[in-house]
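Residues in the sequence shown are numbered consecutively from 349, following the working numbering. The structure appears right after this line, and notes come after that.
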Amino acid sequence: MEYVFKSGFLREVVENCAAAYRLRALERGLRLIIKDSVKHLPRLEFDRGKMEQAFTNLIDNAVKYSHSN
């Protein structure tokens, strides 16, 4: 597996992934809430594509397997 590390903010990845699932969550009676502490994460070196894949998988599973409310 190949990684491409670039400087960026993890906050942007979390917010984008959550936004992609917000409607699906609402349809299941769920709300996605991003805590303010995410806004204070420092700039990091990471592979954006791999990190998006990881957060997407986590959010997708949470939406699929959570009960409403």
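Virtual Cβ for every residue (Gly too), placed ideally from N, Cα, C. For clarity, every value in this text was computed on a predicted model and none was experimentally measured.
Cβ neighbour criterion (16 or more within 10 Å) applied to residue i
i	result
Phe403	buried
Close Cβ partners of residue i (< 7 Å) along its chain, the five nearest in sequence each way excluded
i	result
Cys365	Glu400, Phe403, Thr404 and Ile407
Tyr351	Asp395 and Lys398
Own chain residues within Cβ distance below 6 Å of residue i, not counting five before or after
i	result
Ser355	Arg391 and Glu393
Val386	Arg359 and Val362
Arg370	Leu380
Leu389	Leu358 and Arg359
Beta bridge counterpart(s) of residue i as assigned by DSSP
i	result
Arg396	In DSSP, Arg396 forms no bridge with anything.
Spatial neighbours of residue i in its chain, beta-carbon cut-off 8 Å, leaving aside the 5 residues before and after
i	result
Arg372	Val411
> Of all the alpha helix (DSSP H) runs that stay within the bounds of the stretch 363 to 387, which reach a length of 4 or more residues?
Replying inline: none
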